[in-house]
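S.K.: Take a look at this one; I'll ask things after.
Protein chains: 2
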Amino acid sequence: MPAARPPIRDALVAAAFRLFLERGFEQTTVDDIVALAGVGRRSFFRYFPSKEDVVFPDHEGCLADMTAFLAASGPEHEPVRRVCDAARLVLRMYAENPAFSVQRYRLTRQVPGLRAYELSVVWRYERALAEYLRGRFAGRPDGTLRADVIAAAVVAAHNNALRSWLRSDGVGDAGAAVDHALAYVQTTYARPADAPAVRSGPAGPGPGPGGDVVVLVSRRDAPLWRVVQELETVLERP
Amino acid sequence: MPAARPPIRDALVAAAFRLFLERGFEQTTVDDIVALAGVGRRSFFRYFPSKEDVVFPDHEGCLADMTAFLAASGPEHEPVRRVCDAARLVLRMYAENPAFSVQRYRLTRQVPGLRAYELSVVWRYERALAEYLRGRFAGRPDGTLRADVIAAAVVAAHNNALRSWLRSDGVGDAGAAVDHALAYVQTTYARPADAPAVRSGPAGPGPGPGGDVVVLVSRRDAPLWRVVQELETVLERP
Chain A
1379 MPAARPPIRD
1389 ALVAAAFRLF
1399 LERGFEQTTV
1409 DDIVALAGVG
1419 RRSFFRYFPS
1429 KEDVVFPDHE
1439 GCLADMTAFL
1449 AASGPEHEPV
1459 RRVCDAARLV
1469 LRMYAENPAF
1479 SVQRYRLTRQ
1489 VPGLRAYELS
1499 VVWRYERALA
1509 EYLRGRFAGR
1519 PDGTLRADVI
1529 AAAVVAAHNN
1539 ALRSWLRSDG
1549 VGDAGAAVDH
1559 ALAYVQTTYA
1569 RPADAPAVRS
1579 GPAGPGPGPG
1589 GDVVVLVSRR
1599 DAPLWRVVQE
1609 LETVLERP
Chain B
1379 MPAARPPIRD
1389 ALVAAAFRLF
1399 LERGFEQTTV
1409 DDIVALAGVG
1419 RRSFFRYFPS
1429 KEDVVFPDHE
1439 GCLADMTAFL
1449 AASGPEHEPV
1459 RRVCDAARLV
1469 LRMYAENPAF
1479 SVQRYRLTRQ
1489 VPGLRAYELS
1499 VVWRYERALA
1509 EYLRGRFAGR
1519 PDGTLRADVI
1529 AAAVVAAHNN
1539 ALRSWLRSDG
1549 VGDAGAAVDH
1559 ALAYVQTTYA
1569 RPADAPAVRS
1579 GPAGPGPGPG
1589 GDVVVLVSRR
1599 DAPLWRVVQE
1609 LETVLERP
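Residue numbers (the numbering used here), protein chains in the order written: chain A, 1379 to 1616; chain B, 1379 to 1616.
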């Protein structure tokens, strides 16, 4: 969890957003912001390297939380589920303050410089997830490829749900929407946590060339990924 | 295919890269570039909106090619395969001039402003792929989610292979590496082009609660994705 934020920092963020919305981002200077917040220029730059940074005041903290969360993982954590849980830390930050998040979303759509800044932030989250997965997949065939693709899929799913929620002005359950989106990625890539609900066994010599036949018996209501995992095991493929 | 490029434009790119590598990107001005190329400032800005743009002189053309390629698609094109083919247009641009691509890759690693510019370019490619898939998946459950996730997966796979090739100084077969990476995405998401090689059929009432049982008979050498697709059909899931 992030530490308590200094009141001056919060005052700077509040002043900046009030001015950005009233006058526009480009038309607002750091001097305008510190004047409204009633502090000096040096206070601003103590907390924010640039005017862009004040628009995303919580991302550095969230990135640090995510990195710590991933570093605290053990072999007992299924890696794809773990990066999905890490992505939920970002959602939590947005959902803590829906009104602020919606304001920022609108502002970011209007200002190209903020759009570029946001892309670089998203890229850093994606790299944090990918680096963790690369570690977990080390030594596996196509380990870095799988890590990069899954990290990108997690970020895209998270952002698809997050942006729908922001476009709807923060109405509805953002957590449920993100859970649904991440479940799509987990179903595709994660190894199941519990035992498969299907039974299977190889049959005798089969028809035609290639010979060997697999007969898989599954309950119709078994989750598809469980059936697929069982198939992978039977077919002895990764 | 892009139209032939004006010689002045090529001369500006060559002069800019020579200076970027000799002096650094930040230390080179547009005035330096036009002086070396022997043209006026207005010529520079006729071709490039900014100093950053001269580093990526072919992306606008490539993005236009990609958009046209996707717009020329029909219902006969399997959508995931189609976006993979669209991504190959980007690889082709890089592979046309390996020495230039490797130089640019090194430069982009060193200059944060170019890194941000590159992220915005990659984002535009990804949006072009996602918009196409959103159209193809319109009306399907989770159509926009699937579109966004698959577009991100394609871009991540492409860039994983492209960057490995660039880091190895452009040695080896970039096309083969990208094909391998994109095949991973296609195997995960694409519908097969030909008929499944498995046979299956529902069985009578099965044991226990949930009742209904599926028996799937497959040759052991059938590709896993074909078995999974057949399972999806039998289980009546998307």
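The beta carbon of each residue, even a glycine, is placed where N, CA and C say it ideally should be.
#1: For Tyr-1562(A), which residues in chain B fall below 9 angstroms Cβ to Cβ?
#2: Output yes if chain A places a C-beta closer than 9 angstroms to the C-beta of Ser-1428(B); else output no.
#3: The alpha helix (DSSP H) with Gln-1618(A) in it runs from where to where?
#4: Can you pull the chain B residues whose beta carbon is under 8 angstroms from the beta carbon of Leu-1497(A), in chain order?
#5: List, in chain order, every chain A residue whose beta-carbon is nearer than 9 angstroms to that of Val-1417(B).
#6: Using 8 angstroms for Cβ pairs, my map puts Leu-1533(B) next to Leu-1507(B). What's the rounded Cβ distance?
#7: Does DSSP put Ala-1539(A) in a helix, in a strand, or in coil?
#8: The alpha helix (DSSP H) with Thr-1406(A) in it runs from where to where?
#9: To the nearest angstrom, how far is it from the Cα of Glu-1438(A) to the Cα of Ala-1446(B)?
#10: Taking C-alpha atoms, which residue in Arg-1482(B), Pro-1384(B), Val-1499(B) and Arg-1460(B) lies nearest to Tyr-1402(B)?
#11: Taking three-plus beta-carbon pairs below 8 angstroms as touching, is the region 1525-1532 of chain A in contact with the region 1457-1465 of chain A?
#12: Start and end of the alpha helix (DSSP H) containing His-1455(B)?
#13: What is the DSSP secondary structure of Ala-1450(B), reduced to helix, strand or coil?
#14: What whole-angstrom Cβ distance do Leu-1415(A) and Leu-1390(A) have, given they're in contact under 8 angstroms?
#15: Would you mind stating whether Ala-1494(B) and Leu-1485(A) have Cβ atoms separated by less than 9 angstroms?
#16: To the nearest angstrom, how far is it from the Cα of Glu-1404(A) to the Cα of Pro-1490(A)?
#17: Anything in chain B within Cβ reach of Thr-1566(A), meaning under 7 angstroms, just list it in chain order.
#18: For Leu-1523(A) and Thr-1565(B), I'd like the C-alpha separation in whole angstroms.
#19: Under a three-way DSSP split, which group does Val-1549(A) fall into?
#20: Report back the beta-carbon spacing between Val-1527(B) and Ala-1539(B) to the nearest angstrom; my notes put them in contact at under 8 angstroms.
#21: Give, in chain order, every residue of the region 1439-1461 of chain A whose Cβ lies closer than 9 angstroms to some Cβ of chain B.
#22: Quick check on Glu-1504(B): buried or exposed, where buried means 16 or more other Cβ atoms within 10 Å of its Cβ?
#23: Nearest-angstrom Cα distance between Leu-1560(A) and Met-1444(A)?
#24: Count the other CB atoms within 10 Å of the CB of Pro-1457(B); is the residue buried (16 or more) or exposed (fewer)?
#25: In chain order, what residues of the same chain have a beta carbon less than 7 angstroms from the beta carbon of Cys-1440(A), not counting five sequence neighbours either side?
#26: For Leu-1511(A), tell me which candidate among Asp-1547(A), Ser-1451(A) and Gln-1488(A) has the shortest Cα-Cα distance.
#27: If you draw a straight line from the alpha carbon of Phe-1423(B) to that of Val-1500(B), how long is it in whole angstroms?
#28: With a CB to CB cut of under 7 angstroms and the five nearest residues on each side skipped, what residues in its chain are close to Lys-1429(A)?
#29: So, at 6 angstroms on beta carbons, what are the nonlocal neighbours of Gly-1582(B) in its own chain, with the 5 sequence-adjacent residues on each side left out?
#30: Three-state secondary structure (DSSP) at Phe-1426(A)?
#31: Measuring only between beta-carbons, confirm whether Ser-1479(A) sits less than 9 angstroms from chain B.
#32: What is the C-beta distance between Gly-1548(B) and Val-1480(B), in whole angstroms, given that I count them as a contact (C-beta under 8 angstroms)?
#33: Going by DSSP in three states, Asp-1388(A) sits in which element: helix, strand or coil?
#34: Of all the residues that make up the region 1546-1559 of chain B, which are near chain A by a beta-carbon distance shorter than 9 angstroms?
#35: Confirm, please, whether the CB-CB distance from Val-1433(A) to Ile-1386(A) is below 9 angstroms.
#36: Within a Cβ cutoff of 6 angstroms, which residues of the same chain sit near Phe-1426(B), ignoring the five residues on either side of it in sequence?
M.R.: The relevant details are as follows:
#1: Asp-1520, Leu-1523, Arg-1524 and Val-1527
#2: no
#3: With chain A covering only 1379 through 1616, there is no way to say anything about residue 1618(A).
#4: Ala-1494, Leu-1497, Ser-1498 and Trp-1501
#5: By Cβ distance, chain A contributes nothing, its closest Cβ being about 28 angstroms from Val-1417(B), past 9 angstroms.
#6: Here residue 1533(B) is Val; the residue named in the question, Leu, does not match the sequence. With 8 angstroms as the limit, Val-1533(B) and Leu-1507(B) qualify as a contact, their Cβ atoms being about 7 angstroms apart.
#7: helix
#8: Thr-1406(A) -> no alpha helix (DSSP H), and no H or E assigned at all.
#9: 39 angstroms
#10: In the sequence on display, residue 1402(B) carries Gly and not Tyr. Comparing Cα positions, the closest option is Arg-1482(B).
#11: yes
#12: Counting along the chain, His-1455(B) falls outside any alpha helix (DSSP H), and DSSP gives it neither H nor E.
#13: coil
#14: Here the sequence assigns Ala to residue 1415(A), which means Leu is not the residue at that position. Yes, they are in contact, since the Cβ atoms of Ala-1415(A) and Leu-1390(A) sit about 5 angstroms apart, within 8 angstroms.
#15: no
#16: 10 angstroms
#17: Thr-1566
#18: 14 angstroms
#19: coil
#20: With 8 angstroms as the limit, Val-1527(B) and Ala-1539(B) do not qualify as a contact, their Cβ atoms being about 19 angstroms apart.
#21: none
#22: buried
#23: 16 angstroms
#24: buried
#25: Leu-1467, Val-1468 and Met-1471
#26: Ser-1451(A)
#27: 23 angstroms
#28: Val-1408
#29: A caution first: Gly-1582(B) carries a pLDDT of 39, below 50, which makes its placement in the model unreliable, though a value can still be read off. Within the same chain, Gly-1582(B) has no close Cβ partners at all.
#30: coil
#31: no
#32: 5 angstroms
#33: helix
#34: His-1558 and Ala-1559
#35: no
#36: Val-1432
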